[in-house]
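Participant: Can you read through this structure? Questions will come right after.
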Amino acid sequence: MSDKKTKPHYHGHRDRLRSRFTQNGPEALADYELLELLLFRAIPRRDVKALSKTLIETFGGFAEVLGAAPQRLAETSGMSENSARELKIIHAASLRVHQLGVMNRPVVSSWTALLDYCRAALAQETREQFRVLFLDRKNRLIGDEVQGQGTVDHTSVYPREILRRALELGATAVILVHNHPSGDPTPSKGDIDMTREVITAARALKISVHDHIIVGRTDVASFKALGLM
Numbered sequence: 010m011s012d013k014k015t016k017p018h019y020h021g022h023r024d025r026l027r028s029r030f031t032q033n034g035p036e037a038l039a040d041y042e043l044l045e046l047l048l049f050r051a052i053p054r055r056d057v058k059a060l061s062k063t064l065i066e067t068f069g070g071f072a073e074v075l076g077a078a079p080q081r082l083a084e085t086s087g088m089s090e091n092s093a094r095e096l097k098i099i100h101a102a103s104l105r106v107h108q109l110g111v112m113n114r115p116v117v118s119s120w121t122a123l124l125d126y127c128r129a130a131l132a133q134e135t136r137e138q139f140r141v142l143f144l145d146r147k148n149r150l151i152g153d154e155v156q157g158q159g160t161v162d163h164t165s166v167y168p169r170e171i172l173r174r175a176l177e178l179g180a181t182a183v184i185l186v187h188n189h190p191s192g193d194p195t196p197s198k199g200d201i202d203m204t205r206e207v208i209t210a211a212r213a214l215k216i217s218v219h220d221h222i223i224v225g226r227t228d229v230a231s232f233k234a235l236g237l238m
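In our numbering, the protein residues as written are 10 to 238.
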């Protein structure tokens, strides 16, 4: 009798999946299969095919899984805090790549990349988050900072703090960005009033407000495009 232990069946599946990725690229894999590849590192001794399908069905898609809160990921049967952390590390790396693609570049020439970055950063957030993108005289992005986080449908925004930070960074323009956890990016009356307050305060300091972008689950709304500023 051979002393060699029989490899679990999923080892062959993992090898085949890795080979398909290497030979044909990510386009040859379904979303759940790409997610399997990510989970292999976090869960080395278990078949994760069913888990990958469950995660995508639960959260609504590949990007939604990576963007989900770690607590919610860990609550999924078959996941652990360690597995959730590994996926969040991958998500953070993806956001950093998006950010590097728009930093120090004129926003006019990288507007699509900027919107992609905003979606990646905020579309799956379960609580409202308010960010400010700071621009220099050449409209290059020099900073992206979270200015406030709130409940599922509200966050406090203080124009004075936004402008104080703009002066510290030497920014001459800003773009306001926040998310609607409800999924609908339609501006509320509160959003419109707050934007006008920031514009009025910024004008006194000769700082421009180029736009206010609201990120929904699958779409974004631009105040400038909607004629609201």
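Even for Gly, the Cβ is constructed at its ideal location relative to N, Cα and C.
#1: Where Arg25 and Gln138 are concerned, what is the direct C-alpha to C-alpha distance, given to the nearest angstrom?
#2: Give me the Cα-Cα distance between Ala59 and Leu44, rounded to the nearest whole angstrom.
#3: If I measure Cβ to Cβ from Pro35 and keep anything under 8 Å in the same chain, skipping five residues before and after, which residues do I get?
#4: Using a threshold of 8 Å, state whether the C-beta atoms of Val218 and Leu124 are closer than that.
#5: By the three-class DSSP mapping on this structure, what secondary structure does Gly76 have?
#6: If you run the structure through DSSP and keep just helix, strand and coil, what is Leu238?
#7: Do Leu142 and Leu150 come within 8 Å of each other at the CB atom, strictly closer than that value?
#8: How long is the line joining the alpha carbons of Arg29 and Val57, rounded to whole angstroms?
#9: Helix, strand or coil: how does DSSP classify Met10 here?
#10: Say yes only if the C-beta of Arg25 is nearer than 7 Å to one or more non-hydrogen atoms of the ligand SAH, and no if none qualify.
#11: So the alpha helix (DSSP H) Arg173 belongs to, where does it begin and stop?
#12: Spatial neighbours of Leu178 within its chain, please: CB distance less than 8 Å, with the 5 preceding and 5 following residues excluded, ordered by chain position.
#13: At which residues does the alpha helix (DSSP H) containing Ile52 begin and terminate?
#14: For Asn91, report the span of its alpha helix (DSSP H) as first-last.
#15: Verify whether the separation of the beta carbon atoms of Ser51 and Glu90 is less than 8 Å.
#16: Say whether the stretch 108–123 touches the stretch 205–217, bearing in mind that this needs 3 or more beta-carbon pairs closer than 8 Å, one atom from each stretch.
#17: Can you tell me the Cα-Cα spacing of Gln133 and Leu38, whole angstroms?
#18: Tell me the residue span of the beta strand (DSSP E) that contains Phe68.
Facilitator: This is what the structure holds:
#1: 41 Å
#2: 11 Å
#3: Leu43
#4: Not in contact: Val218 and Leu124 (Cβ atoms no closer than 8 Å).
#5: helix
#6: Reading off the sequence shown, one finds Met at residue 238, where the question assumed Leu. Met238 falls in the coil class under three-state DSSP.
#7: yes
#8: Just so you know, the alpha carbons of Arg29 and Val57 end up roughly 17 Å apart.
#9: With a pLDDT of only 43 at Met10, under the threshold of 50, the placement of this residue in the model should not be trusted; the figure read from the coordinates follows. Here Met10 sits in coil by DSSP.
#10: Ligands are entirely absent from the displayed structure, and the ligand SAH is therefore not among its contents.
#11: Pro168 to Leu178
#12: Phe143, Ile151 and Gly152
#13: Ile52 -> no alpha helix (DSSP H), and no H or E assigned at all.
#14: First-last of the alpha helix (DSSP H) with Asn91: Glu90 to Val111.
#15: According to the sequence as given, residue 51 is Ala; it is not Ser. No.
#16: no
#17: 23 Å
#18: Unbroken run through Phe68 is the alpha helix (DSSP H), Lys58 to Phe68; no beta strand (DSSP E).
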